[in-house]
Amino acid sequence: MAAFQEDIASFERLDTQVLGVSSDDLETHKRFAASLNLTFPLITDPGGKLASQYGKGRIAFLIDKQGVVRHVEKGMPDNQKLLKRIDQLGE
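Shown next, in the form of structure tokens:
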């Protein structure tokens, strides 16, 4: 999450919303966000509904404004590659 925060301005320039999702509760999210000075939202998924639909673990999804998943990156994403892919999708 810290890497996304480091590049948040680049994501925002490409009109991209960064979200973090985990099964942790709201208070845990608040502490985590504060510890890393995160400026993007963290979503709680205590029942695992999102995880059951999208998968567990470190996965980055590029979802367009119509809700269509355009790209999936498993593992620790490389922000520069993600930013390039987002830019390509916008062309």
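The numbering of the sequence shown is my numbering, which starts it at 9 and goes up by one. Backbone N, C-alpha and C define an ideal beta-carbon position, used for all residues, glycine too.
Coarse secondary structure for residue i, derived from DSSP in three states
{"i": "Lys64", "result": "coil"}
{"i": "Leu70", "result": "strand"}
{"i": "Ser18", "result": "helix"}
{"i": "Ser30", "result": "strand"}
{"i": "Glu35", "result": "helix"}
Residue i and residue j closer than 9 Å at C-beta
{"i": "Leu97", "j": "Ser18", "result": "no"}
{"i": "Leu44", "j": "Val29", "result": "no"}
{"i": "Lys82", "j": "Arg93", "result": "no"}
Buried or exposed by the 16-neighbour rule on C-beta atoms within 10 Å, applied to residue i
{"i": "Phe12", "result": "buried"}
Report yes or no: do three or more beta-carbon pairs, one from the segment 48 to 59 and one from the segment 71 to 81, lie closer than 8 Å? No contact exists between the segment 48 to 59 and the segment 71 to 81.
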